[in-house]
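Chemist: Numbered per our numbering, the sequence shown finishes at 1282, counting up by one with no gaps.
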Amino acid sequence: MPSNSSANSSATKRIAVIPGDGIGTEVIREAVKVLKAATSITGTKLDFVQFDWGADRYLRDGTTLPPDAVSMLRRDVDAILFGAVGDPRVPSNKHAADILLGLRAKLELYVNLRPVELIEAALTPLRDRGTNDINFVVVRENTEGLYVGMGGQFQRGTPHEVAVQEDVNTRRGVERIIRYAFDYAREHHLGRVCMSDKSNALTFGHELWLRVFSQVKDEYSDIESRHLYIDTLVMELVRDPGQFRVIVTCNLFGDILSDLGAQLAGGLGLAPSGNIHPGRISLFEPVHGSAPTIAGRNLANPCGAVLASAMMLDHLDLKPQAEALRKAVRAAVREKHTTADLGGTLGTREVGDWLADNVTKNLT
Ligand code: NAD
Ligand code: IPM
Ligand code: MN
């Protein structure tokens, strides 16, 4: 059996840590601290293996994702914890495309699961909305759509230039993500799934989404299904977010929706994500980027990275430890042991210390 199977019963799990750029390195340091606190007293051992893939390495020796990275990760580790990539010194974003989009594609991490949970009513910018109103997951297709990098430029830099970016949607890719959304709704007793596309304008690719959705939904008669065009969905999410439990959509719309969702629940600093292939090695990261303007100043909120770590523990079947991390973040937010983005006065490291202490107390 491969060592990375999530069915692996061995007590030691190997975690590849890719902090990346900017605040990625700061929040991942705290996430590892909290993960160590959660596992050291429960008899499970996590071995962390660090990788320096990111802008510094790229600028130093041209390496983005090394050629043997994917086979090595599949062979040697159980999960990947990722910070963020993006650096003003690399305006092409070449390293981010190779590393992050490369791992999503090559490891076939076809689900990007992005939960949105309002922990404290005061944190939402919406008037008169409470914690029950904002609690849904975005299930983002993560390997296709406009992200596949097919297309090209012709007569670049001239007045006649042409740029083409292909939107690739396959029957297999669309069907498996829609099925995942329904299965997730069923497993978590969420009751409803909304699929969102732009099939009224994108009459080839998104027409496929609509057709597959209408077929698959009939197999899930216990789950309420609904279709909304993406423009209507964003409007409804602001007007009355309590309607939604599971939203499934394409790669690009899922990217945009997850930042909207993050802000409805208090901001990017709190938002986690899992890049998942069920049953296989998967990658967990906060939704936010490298935030270059606040990097290196102990200002970044590490909670998104800690909640992403909780999703990783779930994937590794370490449920009590995962719950201890979530409980600690909820307590930190409610009791205002937070960074400035959530109205607190603590730094990144101090929030990490508080969460690690709280996790230790929760588990002893
Ligand atoms: P960003 O998410 O880095 O920042 C957006 C805003 O949110 C900024 O004001 C930032 O200060 C704030 N913010 C983000 N995370 C925060 C945190 N943890 N605590 C407090 N404040 C936080 O998005 P951007 O500015 O559009 O992008 C910066 C770089 O990151 C770009 O190179 C972009 O391509 C990259 N990026 C990478 C990822 C990823 O690796 N998954 C995701 C998004 C953006
Ligand atoms: C995200 C990011 C990435 C994406 C970028 C950095 C390519 O915004 O993970 O949400 O668009 O998927
Ligand atoms: Mn994004």
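Virtual Cβ for every residue (Gly too), placed ideally from N, Cα, C. Please read all numbers here as calculations on a predicted model, not as lab measurements.
(1) Label S1010 either buried or exposed according to how many other C-beta atoms from any shown protein chain fall within 10 Å of its C-beta, with 16 as the threshold for buried.
(2) Roughly how many angstroms lie between the CA atoms of T930 and A956, to the nearest whole one?
(3) Determine the DSSP secondary structure at R1058, reduced to helix, strand or coil.
(4) Have a look at L991, P1043 and E948 and flag the residue whose alpha-carbon is nearest the alpha-carbon of L1155.
(5) Based on the DSSP output, what are the partners of K954 in its beta bridges?
(6) With respect to the alpha helix (DSSP H) encompassing M1068, which residues constitute its N-terminal and C-terminal limits?
(7) Exposed or buried, which one is Q1239 when buried takes at least 16 other CB atoms within 10 Å?
(8) Whole angstroms is fine: what's the gap from V950's alpha carbon to L1201's?
(9) Could you pull out every residue in the same chain whose Cβ sits closer than 6 Å to the Cβ of G1160, ignoring the five residues on either side in sequence?
(10) From this set, R1244, L1273 and P1204, which residue's C-alpha is nearest T943's C-alpha?
(11) Pick helix, strand or coil for K1254, following the three-state DSSP scheme.
(12) From A1258 to V1057, what does the alpha carbon distance come to, in whole angstroms?
(13) Is the Cβ-Cβ distance between G940 and D1005 less than 8 Å?
(14) For G1207, I'd like the list of residues in its chain whose CB is within less than 6 Å of its CB, leaving aside the five on either flank, ordered along the chain.
(15) Closest by CA to G1197, which one among Y1098, C1112 and I1141?
(16) Closest to I1095 by CA distance: which of D1016, Y1028, V1008 and A934 is it?
(17) Give me every residue whose Cβ sits closer than 5 Å to any heavy atom of the ligand NAD, in chain order.
(18) Would you grab the beta carbon distance between T1256 and A1250 for me? Rounded to a whole angstrom, and I think it's under 8 Å.
(19) At what residues does the beta strand (DSSP E) containing Q1181 begin and finish?
(20) Tell me the DSSP bridge mates of L1186?
(21) State the start and end residues of the unbroken beta strand (DSSP E) segment that holds H1145.
(22) What would DSSP say about L1018, mapped onto helix, strand or coil?
(23) Using the beta-carbon of each residue, find all residues closer than 6 Å to any heavy atom of the ligand MN and list them in chain order.
(24) For the beta strand (DSSP E) holding L1031, just list the boundary residues, first then last.
(25) Within the 8 Å Cβ cut-off, does L1126 reach chain C?
Modeler: Judging by the given coordinates:
(1) As a working mapping, residue 1010 is identified with position 92 in the sequence shown. S1010 comes out exposed.
(2) As a working mapping, residue 930 is identified with position 12 in the sequence shown. As a working mapping, residue 956 is identified with position 38 in the sequence shown. Answer to the nearest angstrom: the Cα atoms are 14 Å apart.
(3) On the sequence shown, position 140 is the one that residue 1058 refers to. The answer is strand: DSSP assigns R1058 an E or B state.
(4) Translated into positions along the sequence shown, residue 1155 becomes position 237. The candidate whose alpha carbon is nearest that of L1155 is P1043.
(5) For the purposes of this step, residue 954 is identified with residue 36 of the sequence shown, where counting begins at 1. According to DSSP, K954 bridges with nothing at all.
(6) As a first step, residue 1068 must be located in the sequence shown, where it is residue number 150. Neither: M1068 is in no alpha helix (DSSP H) and is coded neither H nor E.
(7) To locate residue 1239, count along the sequence shown from 1; it is residue 321. Buried is the call here.
(8) Residue numbering aside, residue 950 sits at position 32 when the sequence shown is read from its first letter. Residue numbering aside, residue 1201 sits at position 283 when the sequence shown is read from its first letter. Approximately 15 Å, taken between the alpha carbons.
(9) Reading the sequence shown from its first residue, position 242 is the one you call residue 1160. The answer, listed in chain order, is D1051.
(10) Taking the first residue of the sequence shown as 1, we reach residue 943 at position 25. It is P1204.
(11) If you number the sequence shown from 1, residue 1254 lands on position 336. In the structure shown, K1254 sits in coil (DSSP, three-state: anything other than H, G, I, E or B).
(12) Position 340 of the sequence shown, counted from the start, is the residue given in the question as residue 1258. Position 139 of the sequence shown, counted from the start, is the residue given in the question as residue 1057. Those two C-alpha atoms are separated by around 29 Å.
(13) In the sequence shown, residue 940 corresponds to position 22, counting from 1. In the sequence shown, residue 1005 corresponds to position 87, counting from 1. Against a cut-off of 8 Å, the Cβ pair of D1005 and G940 comes out as a contact.
(14) Locating residue 1207 in the sequence shown gives position 289, counting from the first residue. Cβ neighbours of G1207 beyond the five flanking positions: A1002 and G1004.
(15) The residue given as residue 1197 occupies position 279 in the sequence shown. Selected option, being the one with the closest Cα: Y1098.
(16) Within the sequence shown, numbered from 1, the residue matching residue 1095 stands at position 177. The shortest Cα separation from I1095 among D1016, Y1028, V1008 and A934 belongs to Y1028.
(17) A1002, V1003, G1004, L1186, G1187, H1206, G1207, S1208, A1209, I1212, A1218, N1219 and D1259
(18) Reading the sequence shown from its first residue, position 338 is the one you call residue 1256. Reading the sequence shown from its first residue, position 332 is the one you call residue 1250. That belief holds up - the Cβ atoms of T1256 and A1250 are roughly 6 Å apart, short of 8 Å.
(19) Numbered from its first residue, the sequence shown carries residue 1181 at position 263. First-last for Q1181: N1169 to L1182, but that is the alpha helix (DSSP H), not the beta strand (DSSP E).
(20) As a working note, residue 1186 is residue 268 in the sequence shown. According to DSSP, L1186 bridges with nothing at all.
(21) Taking the first residue of the sequence shown as 1, we reach residue 1145 at position 227. H1145 -> beta strand (DSSP E) spans E1142 to Y1147.
(22) Sequence index remark: in the sequence shown, residue 1018 carries index 100 (1-based). Helix, per DSSP.
(23) D1173 and D1177
(24) Start at 1 with the first residue of the sequence shown, and residue 1031 comes out as number 113. Residues V1029 to E1035.
(25) Absent here is chain C; the protein component of the structure consists of one chain.
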